[in-house]
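Participant: Below you'll find the structure I mean.
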Amino acid sequence: MTPRTNTGSEKKSSSSEEYHIQEQTPGWRPCYLRRRVLVVFAIVFCLIIAALETLNQISQAHNGIASSIESRHYFWTYGPTAILTIVALFWSRVEFQAKQSAPWYSILHEPQDAEKSVLLDYISEMQPVSIWGALKNKHFTVAAGVTLSILLRLLVIFSTGLFSLQQVQVQKNNFPIQIHSNFNIKNSTLQDFGLQAYDILNGVLFQDLPFPEGSTANFAFQKFSASALPSDANITVPIEGLMSDLHCEVADVTVKGWPAARSGYISCLVDLTTPSCKISNVTLEFITDDVPFGADLQIGHCDNTNGSGGRRVVATSQENKADDSMPSNRTLARSAALICKPSLLSLSLKAQVKASGLSSNAQFKTVGFQNATLPGLTAGDLIYPVIDGFSNTNGFRAIEQHREVAVKYSAQSQVTRYAAQSQVALGMWLTGAAPKLEPLFKLDVLENVTVSYYRAMAAQLLHLGSQQEKATSYGQATVHENRVLVSQLPLRVMEASLSLGVLLLGWMIFLVSRETLTQWNPSYIASIVAILANSEDLRQSLRGTGAASMEDIHTRLAGRRYYLQSTPRGTAILDISEDSNELEFEPTTEYVAWKPFPSFASRASGFVVIAMIIAALEIVLHLSQTGNGIGDIAFNEYVHYLWTIIPALIMVLISMFYSTMDFNTRCLAPYARMKQSNGATIKDSLELSFMDTLGLHNIVISIRSRHFAVLATTLATGAAFFLTIVTSGLYSATDIPRHIVSNFTQNGSFPNPKAIAPVALNIDEYAEVTGIVTAKYILQDNLTFPRWTWDGLALPEILPHALLGPSWAIESSYVDLRVSALRAAPSCRLRTSAELNPNITLEDGSADKFRLTVNLPRLSCSYNTPKINFTQELFSKKPLQSQHFGYSVQYPCSKEDPMRPSPTLWTNSYIWGQLSNTSVKSIMALTCMQYAETVESSVRLKFPGLEIAEDHPPVPDESSAKFVPDVYVPISEWWVLGDRESYPMTDAFFYFLTAGKYGIPIEDLGAPGKSEKVIKAIKRQIRLITAQQFNSYSRGTSNETKSRTRLVGNITMPNRLRLIQDATSTRILEGILGVMLVLGILGSVIMNTDHVLPKNPCSIAAVASLLADSNLIDRRALEMTVPSAKPLQSSLFSQCCAYLGWRDGKPSPELLAVGEEMGSRGKFTIYLDSEDESSGWNMF
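In this note's numbering, the protein residues as written are -16 to 1163.
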């Protein structure tokens, strides 16, 4: 060769003149590397940023984006990752074309060194290396494209932690709340509720019972509920309240006289005067003749007034002093007096309470109030039922045992206790005042006691008088929901990455060239053949380097400069270097295979790791399912990232491993086909490329061309795109209860029958009957059960054996225990109409009043068998009509030896039936002897107070019931349940049986086929009442000195956050990894990329070195004389097969006439075999 010293422009000009060709514009440029495509990506990035920020604002404003339900779980776990994965998939085409086109763009306008042009390879390099090289070579489009690809991988990883599921408080406005009552109260009904209101106050003060729904200690309010809300929701509802209050004035006391003492009681007659009212003839009572003190609440009426408007409450405390010389002469030593005017107020309230809580436990805020105007009620109408409404009490109320007050006559005298008036005593208990009479002489204390009692009684009366009515109000609810929240760290990383991506896209849009490059897409070998046929300088430089390594080629081309030129014959790469030092290089005969990463051994190791990951997923899933989670976690954002981002990072590494393996397979597939012994057709080798196409297109092409290795790795890589998507839903934090076994102690020995003291021969009627009154509160007022009782069970008192931890840690926790409970076990026998022999007779001297008698058995105390019968009157002086009736009769059993004292067993008969005018249509009776039994019961107690869980009541194990005949059952005086003189054709027991908390329809009494239902209801009510007697009486007789029983309880702590592995995501992930493993092994077996080529074919020079000695170049030179749309598609190549290997066939002499040299034996190159070559030439 002769040396050349011309410049690039001269070379270009001289070449044109030498070959007489005209310049033309090349026809191909990267389709993805265009401004409109990049603008679309920029818009997508901006839309994603806007969407992320919008979701974040919604999350911040509403405590989450939305409530998570099962059907949406995978939407928010898979969705963001899937979207970004798709964007990354399309961006990979932009990245590839930026890398592919960089060498061509570099030599489009000016010559470049070989290292920056034909030797340049960005495609196969690792991304960080590509960025560094691109920046060094000032190929900023490549640097931006690769950087964006890395950012998208980062986005995919962080998207798995973008959303987290947390339990948060959500405010719901205008939420419908059900209202169940109104205040259409009539005065005529209030007097009937006086004793019931009195009983409620007794139950609240002394039995630890709550106020009934719809009332507090000060006012009544509309009952409400929110059944549609979760039990732990906090609701705020606007409701109406009604309150009766007192405005008290200090009264002047004028003594009018001292009436004669009666039965030892002293009284004083006085006039009370205030600026607004004068009440004459008020009687001041003193405790006894010997105790000159007194305190009273009574009704007064202002002089010269009529109607309820003049009624007043009079509160006084007084002390008299007797004359030493004449004790009958007394003076009012001191007094305090108030005249209080009632008012009726309508309240506007806001109630705050848990949806599952009692409305009486709500926190109330008074929004406003005004004088109430009810058509059937005035403020004065309440005075009589408040002050005197319980005068018909049967006694046995708790206040009667708790109304003693301390009285001290003088500094020298001892303190004596006397019973105060019940109204005053209740007021003192309500205010927490000391049980002393002396403080009541202070006006403020007297007023406080009076007003507190009046408000409390009036509130219960107004509550009892309210009407049931359904309505809807709208309030606010704070609900604890599992909601999807945007995590801030992933959000900010993603927004920053996307913003940087938009800037890089803007840079690329500015830099990207609109010029076309080569005539054809250079990713095809055929296109390089066409270019090399016009690039004689490059071909000559690379002859004999087919088997050479890239290091040898770098040495061969060192110092050369190349540029791109377009000619009528096609695109050419020209060399402007001086060739004075050009030497003849001997062809390389030593073949050393190039092993791309991952090599076959590395792939095998990778497959083992993937198999281990599949096994690990299955093992961890098993641990998660059997252990209710993998482990406890304390939720914070940083911990959240560990189980979202790290698994995603692992899956990204697996995806990169398969992408690299797939890249090698796609890159080397055409060469591997040509290395086969029978070669490959031009269409399936030189004109085939899997590089610059999407995966779906590659799948179709690989099936058509039967490149099954490419098909396997492409499918595996496609499946790998789903790894990160599925991993985003693999782990989640879930509230799973923790179960702890802990010891508890039974406080005292009750209900152990051996520890309960034997009953005294004489009954303690008050102590035994107190429990019946408590049961009445439950049956009548729907109050909850007192502590350590439930329904018919009297339970032991339970204490924790040791400190369980801070209250906040066990706030919502509970313990399940198995304890022994005591309950009534009535031994009953059903008696028929024939045995009862009912008899209805007219009352003496009456024409329409009747009485009913029946025969009942008197049971033996020893054998529970009938001993004698007696006639029992059920009712008398009753006008009869067709109606149902029910009565109970209580009497002691019959002792064998009446002269020998012994404890008494109680017998009760329950008689019910139906009348048909003046005849008995049906009648039956249940005669029961009262016994007790113990039964093992499963009990759930709520922390921190160890209260019985109402939503999980105690469940007795009936198989463990054990009869205990020696335990005394308290007296069954059911008449104590009564709060009125009479009930319509029932007694108090049957009234509550049909109208109480667990009432049955009264029509069931005497109805055919309903006897078993009635018997079951009777026994339940017996057990319920007796359980309260056991609690208030028998518990107190148990021997507390006995050793305490140790109990084992299972504590459940629901507020525990556990890391859960999702079974569905695990199965999907295992399936994907399994498919990838099989496809990866299959692709590696079909084509071992370790033995295909001696060099990396991703640079222009590498491909050209495999073609420099090929006869394809010379035949392409002939093809240029034949019109053709694409290279190697003319008839010259129609019957040809291409081979890759050591060409050792005989050269054709015709070829020598066309080309300077066809090549020699022993050169590694791509070539056409001899037969095809001869037949191809004979065509011309």
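Where a beta carbon is used, it is the ideal one built from N, C-alpha and C, also for glycine. Computed from a predicted structure; not experimentally measured.
Please determine, among 518, 96, 245 and 526, the residue with the shortest C-alpha to C-alpha distance to residue 1149.
Facilitator: Of 518, 96, 245 and 526, the residue nearest in Cα terms is 526.
Participant: Pull the bridge partners of residue 721 from the DSSP assignment, please.
Facilitator: 1036
Participant: Which one or two residues does DSSP pair with residue 897 in a beta bridge?
Facilitator: 867 and 905
Participant: With a threshold of 6 Å on Cβ separation, who are the neighbours of residue 593 within its own chain once the five nearest residues in sequence on each side are excluded?
Facilitator: 1056 and 1060
Participant: Could you say which of 164, 487, 1073 and 734 lies nearest to residue 130 if we only look at CA atoms?
Facilitator: 487
Participant: Please determine, among 1065, 135, 82 and 319, the residue with the shortest C-alpha to C-alpha distance to residue 113.
Facilitator: 82
Participant: Straight-line CA distance for residue 207 to residue 163?
Facilitator: Looking at the backbone, the Cα of residue 207 and that of residue 163 are separated by about 6 Å.
Participant: To the nearest angstrom, how far is it from the Cα of residue 358 to the Cα of residue 168?
Facilitator: 8 Å
Participant: Assign residue 657 to one of three DSSP states: helix, strand, or coil.
Facilitator: Looking at residue 657 - three-state DSSP - the assignment turns out to be helix.
Participant: Pull the bridge partners of residue 387 from the DSSP assignment, please.
Facilitator: Residue pairing for residue 387: DSSP places it in a beta bridge opposite 402.
Participant: List the endpoints of the continuous beta strand (DSSP E) containing residue 228.
Facilitator: From DSSP, the beta strand (DSSP E) with residue 228 extends over 217 to 233.
Participant: For residue 691 and residue 1069, which I take to be in contact (beta-carbon distance under 8 Å), what is that distance rounded to the nearest angstrom?
Facilitator: Sure, about 6 Å apart at Cβ, within 8 Å.
Participant: Can you pull the DSSP bridge partners for residue 109?
Facilitator: Bridge partners of residue 109: none, in fact.
Participant: For my contact list, residue 997 and residue 895 are in at a C-beta cut-off of 8 Å; report their separation, rounded to the angstrom.
Facilitator: 6 Å
Participant: Taking buried to mean at least 16 other C-beta atoms within 10 Å of its own C-beta, is residue 817 buried or exposed?
Facilitator: exposed
Participant: Which complete beta strand (DSSP E) runs does the region 933 to 1001 hold, if anything under 3 residues is left out?
Facilitator: none
Participant: If you reduce the DSSP assignment to three classes, tell me which class residue 507 lands in.
Facilitator: coil
Participant: Residue 1007 and residue 774 - do their beta-carbons sit closer together than 8 Å?
Facilitator: yes
Participant: Is the CB-CB distance between residue 918 and residue 806 below 8 Å?
Facilitator: In this structure, residue 806 lies closer than 8 Å to residue 918 by Cβ.
Participant: Can you grab the Cα-Cα spacing for the pair residue 1130 / residue 1097, in whole Å?
Facilitator: The predicted model places residue 1130 with a pLDDT of 41, which falls under 50 and marks its position as unreliable, so this point remains unresolved.
Participant: Below 7 Å CB to CB, which residues in the same chain sit around residue 411 once its five sequence neighbours on both sides are set aside?
Facilitator: 418 and 432
Participant: Could you say which of 665, 699 and 218 lies nearest to residue 688 if we only look at CA atoms?
Facilitator: 665
Participant: Between 28, 974, 845 and 604, which has its C-alpha nearest residue 948's C-alpha?
Facilitator: 845
Participant: Roughly how many angstroms lie between the CA atoms of residue 240 and residue 312, to the nearest whole one?
Facilitator: 11 Å
Participant: So within the region 702 to 774, which uninterrupted alpha helix (DSSP H) runs reach at least 4 residues, ignoring any that extend past its ends?
Facilitator: 748 to 764
Participant: Quick check on this structure: which residue in 212, 270 and 730 has the alpha carbon closest to the alpha carbon of residue 803?
Facilitator: 730
Participant: Taking the runs of the alpha helix (DSSP H) that are 4 residues or longer, which of them lie wholly in the region 77 to 143?
Facilitator: 110 to 119 and 123 to 142
Participant: Return the residue from the list 128, 223 and 751 that minimises the CA-CA distance to residue 380.
Facilitator: That would be 751, whose Cα lies nearest to the Cα of residue 380.
Participant: Helix or strand or just coil, what does DSSP make of residue 490?
Facilitator: helix
Participant: Name, in chain order, the residues that DSSP records as bridge partners for residue 1149.
Facilitator: 1123
Participant: When the Cα atoms are used, what is the spatial distance from residue 814 to residue 907?
Facilitator: 6 Å
Participant: How many angstroms separate the CA atom of residue 495 from the CA atom of residue 17?
Facilitator: 7 Å
Participant: Closest by CA to residue 758, which one among 559, 505, 993 and 1015?
Facilitator: 1015
Participant: Could you work out which residue in 777, 705, 720 and 704 is closest to residue 736 when comparing CA atoms only?
Facilitator: 777
Participant: On the three-pair Cβ rule with 8 Å, is the region 246 to 259 touching the region 331 to 351?
Facilitator: Short answer: they don't touch.
Participant: Buried or exposed: residue 1147, going by 16 or more other Cβ atoms within 10 Å of its Cβ?
Facilitator: buried
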